[in-house]
Structure formats: structure tokens, C-alpha cells
Amino acid sequence: MPFEIDFLPVGNGTKSGDAICLRYGNPNSGFAIHVVDGGYTETGEDIVVHLKTRFGNPRRIDHVVLTHPDTDHISGLFELFYNFQVGTLWMHRPWLHADQIIHRFHGNWSLGGLTNHLRDQFAALRELEELALANGARVMSPVQGRNIGAFTILAPSIDRYQNIIVELPNTPAEVKSRKTSSYSPLEKAFEETSRALTRFVPENWYGETLSDDPDTTTPSNESSIVQAAIIDGIKILLTGDVGPIGLFDSFAYASRFDFSSPHLIQVPHHGSRRNVTQTALDFWLGSAVAPGIERGVAICSAALNDGDHPRAIVENAFLRRGYPVYSTKGQVLSYSFGMADRGYLPVQPAPFRTRVEG
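Residues in the sequence shown are numbered from 1 upward in steps of one, following the UniProt record's numbering.
Below, the structure is given as C-alpha cells:
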């Protein structure tokens with residue numbers, strides 16, 4: 001069946017985000033509309049305009065997916081409920097798991113108290129859920145194995161998500177005193193202040209320097225929903241901001257569906273080197289190929305003036321495996337099959353670099 005996937009540009013400054021619009025089906029029976037993430041608040045209006053002008057001005061969005069609750073993914077989704085009828089909102093709701101994780105906390109919590117605490121601490125999620133329900137949408141939990149339209153949820157599993165919840169910074173301090181978050185605000189501040197000191201190292205096609213043991217990404221990123229579909233034989237993998245753990249877990253689950261070696265893959269987390277490893281990419285994409293051989297394409301959402309994303313070491317890693325990386329950088333990137341040409345101009349992928357971030 002025909003389909004198109006549009007990666008919208010999010011952020012004209014230095015902060016990247018994600019917003020993806022999809023439709024699949026055919027003109028006779030109709031198209032399913034599927035939106036993944038909403039970028040920042042101002043991105044919401046861009047999504048509305050894009051759907052109205054490029055996707056046939058639909059009255060309804062069948063599926064809205066929030067991969068994880070970071071600001072650059074959730075903020076723009078509110079606008080969709082003011083402009084369209086939404087069938088189903090898919091998102092994590094930590095408070096629904098209170099009964100399964102309460103034993104991880106000190107004994108002073110009642111189930112109702114912990115549930116209310118999590119609803120208060122994840123206020124943006126609560127508000128989005130309330131808005132969706134008030135507008136007649138269903139709200140569904142993104143459980144591994146469930147289908148979102150043509151897509152299958154590969155990760156996270158329920159067990160892994162429940163483990164992630166106790167690592168999120170919004171969970172009670174008592175848990176944090178016994179199990180420290182793998183990515184503290186101090187570490188984040190250090191990373192931001194050290195960017196100017198980035199060390200570059202030489203790299204060649206057969207000498208990869210991407211770490212197989214990178215600094216950990218945030219628990220929130222690792223909670224990202226990973227979705228995959230095979231439409232008319234074309235394999236599509238959408239990764240959100242997932243990290244190496246989620247890539248391994250989703251690959252293990254995906255093995256039963258033959259989702260490996262996708263024709264289109266979203267580069268996780270705007271091309272951060274925290275989110276991919278050599279081994280994870282080998283599993284999903286295959287080992288290195290000779291220069292010039294292409295297995296598919298990789299698309300990266302990166303703000304126009306984000307000088308830190310995507311990382312050259314990550315772009316090299318994808319290209320080395322036959323996946324040239326195309327970044328939004330202020331423009332819509334569209335990937336389609338069987339759809340009418342909508343006039344998007346061709347873009348160039350990132351070249352292979354001989355000096356990358358060390």
C-alpha cells in the first residue's frame with residue numbers, strides 16, 4: 001500500500017526535537033494518519049499546517065504516539081487535540097504501574113499516595129491524557145507487541161519500563177537515595193559545558209572509533225517507544241530517543257518479525273553518540289560494507305543551528321553500514337512509496353568524515 005513519512009524540522013535554534021507525520025493506505029479506502037511526537041510548543045502549529053496542506057486536510061488523526069515525555073517530544077502534541085479528532089493516543093503513564101513498583105520504595109507510601117504522586121510529578125503526561133479523554137480519544141499504553149496501525153511496538157517491554165520508572169528523575173527521592181540515576185543533572189551540566197572542549201580523533205572507513213560502552217543516555221530516553229513496520233516489503237524503524245539497551249531489547253523482540261536491515265531507520269536522539277554502539281548497529285543494520293554500497297537510508301531530526309547533533313562519529317557509523325544519514329536541519333525530509341510527488345527538493349547526505357569526536 002502507498003505510504004509517506006515526513007520528518008518535520010523542529011527548532012530553528014540549537015535545541016533539536018522530533019515530529020513525524022505518516023500516512024498509509026490508498027485513495028479508495030482512505031489513508032490512516034499517524035503522528036509520532038510533537039516537538040516543542042510552536043511545533044504543534046507546524047504539524048497542524050503540514051497535515052492540512054500536505055496530507056489532504058484530514059478531520060481525524062488515527063494514532064498519536066508520544067515516544068517519551070521529554071519536552072522536545074510532548075509539547076507540540078496538545079495542539080493536535082484542538083484541531084483534529086484523534087482516535088488513539090499512545091503514551092507511557094507511570095502511575096498505572098504504581099502497584100508493580102511500590103515495593104521499590106520506602107514503606108510509607110500507600111498505593112493511592114504513590115499513584116497520585118506520580119500523576120503530580122508527571123504533570124505534562126497527566127494533562128495530555130486529560131485533554132485526550134476530554135476530546136473523545138482513547139489512551140493506550142504502548143506495550144511491547146501491540147500494534148499501532150501498521151506498526152508494531154518493539155520496546156520497551158513492561159518489565160523494562162517498570163525498571164526505568166524508578167530511574168526517572170520525577171520518582172520519589174527515597175528511591176534515588178538507594179539507586180542513583182544513571183544520568184544526573186550534574187552530569188548533564190558537565191556534558192553541556194564540555195562541548196567546547198570536544199576532542200577530535202582520526203577515523204577511516206575500516207577503523208571505527210564509536211564506543212561499544214558509551215556514557216549512558218537518560219532513563220527517559222531509554223523509555224522511548226520503538227516502532228517498526230513492513231509496508232509493501234519496505235521495512236521502517238522509528239526509534240525516538242532510545243539508547244543502546246532499548247536497541248538491543250527491540251532487536252531481540254523484532255527477530256520474530258524480520259524487521260532487521262530496515263530500508264528506513266530513524267537515527268536515535270538526533271545523532272547522539274550516547275545512543276548507539278557498534279554492536280547495536282551491527283545487529284540492526286549489518287556489519288560494514290564497502291564504500292558506495294547502500295542498504296537503506298537513515299533520517300535524523302536535528303535543529304537548524306544545533307552544532308552538536310548529529311555527531312560525525314554517528315553519521316560515519318551509519319554510512320559505514322550502508323545507511324547514509326540525512327538530517328532535517330530546517331527542512332522537511334520525506335520518504336514515500338507509491339505516493340504523488342509533492343515537490344520536495346532532493347537533499348544530500350552527510351559525507352564520510354576523517355576526523356570525528358573522540
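C-beta: ideal position from N, C-alpha, C; glycine also.
Owing to the predicted nature of the structure, the values given are computational and were not obtained by experimental measurement.
Contact between T43 and G17 is confirmed by a C-beta separation of about 7 Å, below the 8 Å threshold. Three or more Cβ pairs closer than 8 Å define a contact, and the region 145 to 164 meets that threshold against the region 245 to 255. Remark: C-beta atoms of I299 and G322 do not approach each other more closely than 7 Å. The continuous stretches of alpha helix (DSSP H) do not include N28, and DSSP gives it neither H nor E.
Residue environment: R23 is assigned as buried (16 or more neighbouring CB atoms within 10 Å of its CB, all protein chains considered). A298: member of the beta strand (DSSP E) spanning V297 to C300, first to last residue. E357 carries a strand assignment under DSSP once its states are collapsed to helix, strand and coil.
E315 sits away from A290, with the two beta carbons spaced by 7 Å or more. Residue burial is scored here from C-beta neighbours: M1 has fewer than 16 other C-beta atoms within 10 angstroms and is therefore classed as exposed. Nearest C-alpha to T328 among Y206, H270, I313 and L168: H270. The shortest CA-to-CA distance from T71 to any of G11, T115, T88 and D99 is the one to G11. Ranked by Cα distance from P262, the options L8, G243, I33 and D282 are led by D282. Using a C-beta cut-off of 8 Å, the region 81 to 100 makes contact with the region 108 to 126, since at least three inter-stretch Cβ pairs fall below that distance. If you ignore the 5 residues before and after A137, its C-beta comes within less than 6 Å of the C-beta of V86 and L89, all in its own chain and listed in chain order. Straight-line spacing of the CA atoms in L237 and M140 works out to 21 Å. In the DSSP assignment, F7 falls within the unbroken beta strand (DSSP E) covering F3 to F7. Note on the region 193 to 261: whole alpha helix (DSSP H) runs with a minimum of 4 residues are 219 to 222 and 244 to 254, in chain order.
Taking the Cβ atoms as the reference, V297 lies roughly 14 Å from Y344, outside the contact range of under 8 Å. When L51, M91 and N108 are compared, the shortest CA-CA separation from F84 is found for L51. Assigned with DSSP and collapsed to three states, S334 falls in strand.
Comparing C-alpha distances from L8 to each of D212, P27, G76 and L247 shows the shortest one belongs to G76. Among the bridge pairs identified by DSSP, G38 is matched with A19. Looking only at G145, D212 and Q227, the smallest Cα-Cα distance to V276 is reached by D212. Following the DSSP letters along the chain, one finds V10 in no beta strand (DSSP E), marked with neither H nor E.
For F78, the uninterrupted alpha helix (DSSP H) run begins and ends at F78 to N83, by DSSP.
Between the C-alpha atoms of R93 and H103 there is a straight-line separation of about 18 Å. Taken atom to atom, the span from the alpha-carbon of Q227 to that of N108 is near 38 Å.
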